[in-house]
Amino acid sequence: MKLDAFDAALVRELQQDGRVSYQRLAESLGVSREAARARVHRLLESGTVRVVGIVRPWVVGIGAVAHVSLDVEGPGRPAAEVAAARPASSFVSCTAGARAVVAELRVADEAALEREFAVLRSAPGVRGIEVFRCTRLVRDAYSPATDPAAAPEAAADVPAAPAAPAAPAVERPPAVDEVDRTLLGLLQADGRASFAALAERVGLSQPATRARVLRLLQSGAVHVTGLVDSRAVGVREAVGVGLTVRGGATAAAAAAARLPGINYVAAGYGRFDVVCGVDATDRPALLATLDSLRASAGVVRLESWYHLEIVKESYTYDLPV
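The sequence shown lines up with residues 1 to 321 when you count with full-length UniProt numbering.
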């Protein structure tokens, strides 16, 4: 389904706040409440947009994130399937590049990362793995750009919505009890679930449920956003990029994040100093973005990989519903 100008405006509002009211949408876009409601329902029912709660990794104990490139002898798909079967993997892609498969892992700590590496090394045809360890997320296509807990995290380098506003800074993450975890699980499944429906599921009054949901949103524990089918916004090219830089990686990552076409940027160490995600409507636009990255101050080497098949893409966690 191709988005028209009105759809695109609705999508931008939903990306900023997936729980925005129909009345507010109507006022913002200058239409009736019924028209706004009908168009949002059409987008949701067609699958063009999904409104979901993106739960922050620190809420579920994620403290280590790594981007792993698999050097494979023979077909890459069997190794990709092994990676995709791991609960720790949030993104797996078969690529046209120096390495046949790339994956992102999200786990609790370094020991858990090493266990995942061992599994990937034993996957069919894998001759070895190369690791980029994310230490700072500069731009995330799905979640708020600042983690209240300052925990390292990342998102897959695939086309998606523009980065959302940063979450409010707090000294430490708020306590999350079992009722909160259930609410988070429900929001993962349906970010626009009504307070009445949520209250019925968790056994609290509607005002108490509303207060809890607002606290989770304001603390940054969850960000409710609209995820858009990339084809609906004209994205045809999806590429991952690794940069080697001279000097500080953070400055180079910040510069990359300001370029058009960049949907994800992380700084870290290992195989690369910076990893980026690029999306584009066509080859000339893709080339322009890659050339801009090559010309960025401090960049001494660029390596790219084309996503031929995304085998897994999931940013939900095992939470009660």
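We treat Cβ as the ideally placed atom computed from N, Cα and C, and that holds for glycine.
Contact annotation, Val51 with Arg127: C-beta distance approximately 42 Å; criterion of less than 8 Å not satisfied. Val138 sits away from Ala297, with the two beta carbons spaced by 8 Å or more. For Cys134 and Phe195, the gap between their C-alpha atoms comes out near 36 Å. For a cut-off of 8 Å, the C-beta gap from Leu14 to Val49 is around 6 Å, short enough to register as a contact.
When C-beta atoms of the segment 243–259 are compared with those of the segment 58–65, fewer than three pairs fall below 8 Å, so the two segments do not count as touching.
In the three-state DSSP reduction, Ala267 falls in the strand class (E or B). Cβ contact annotation for Ser89 (same chain, cutoff 7 Å, sequence separation greater than five): Ala83, Ala103, Glu104, Leu105 and Lys312, in chain order. The Cβ atoms of Gly261 and Ser304 lie no closer than 8 Å to each other. Annotated as proximal: Leu293 and Cys276, with beta-carbon spacing under 8 Å. Within the DSSP bridge table, the entry for His307 names Thr95 as partners.
Beta-bridge partners of Asp279 (DSSP): Ala238.
Counting only residues of its own chain and dropping the five nearest sequence neighbours on each side, Ala249 has a CB closer than 6 Å to the CB of Ala267, Asp273 and Val274. Here the alpha carbon of Ala211 sits roughly 42 Å from the alpha carbon of Glu309. In the DSSP assignment, Leu137 falls outside any alpha helix (DSSP H) and lies within the beta strand (DSSP E) extending over Val126 to Arg139. Just so you know, the alpha carbons of Thr225 and Val11 end up roughly 9 Å apart. Exclusion of the five residues before and after Tyr22 leaves Arg33, Ala36 and Arg37 as the residues of its chain whose Cβ lies within less than 6 Å of its Cβ. Arg181 is classed as buried because its beta carbon has at least 16 other beta carbons within 10 Å across all chains shown.
Cβ-Cβ separation between Ala66 and Leu120: approximately 10 Å, too far for a contact (criterion under 8 Å). Between Gly191 and Gly53 a beta carbon distance of about 5 Å is seen, short of the 8 Å cut, so the two are scored as contacting.
Excluding its 5 nearest sequence neighbours in each direction, Pro75 has no C-beta neighbour in its own chain below 6 Å.
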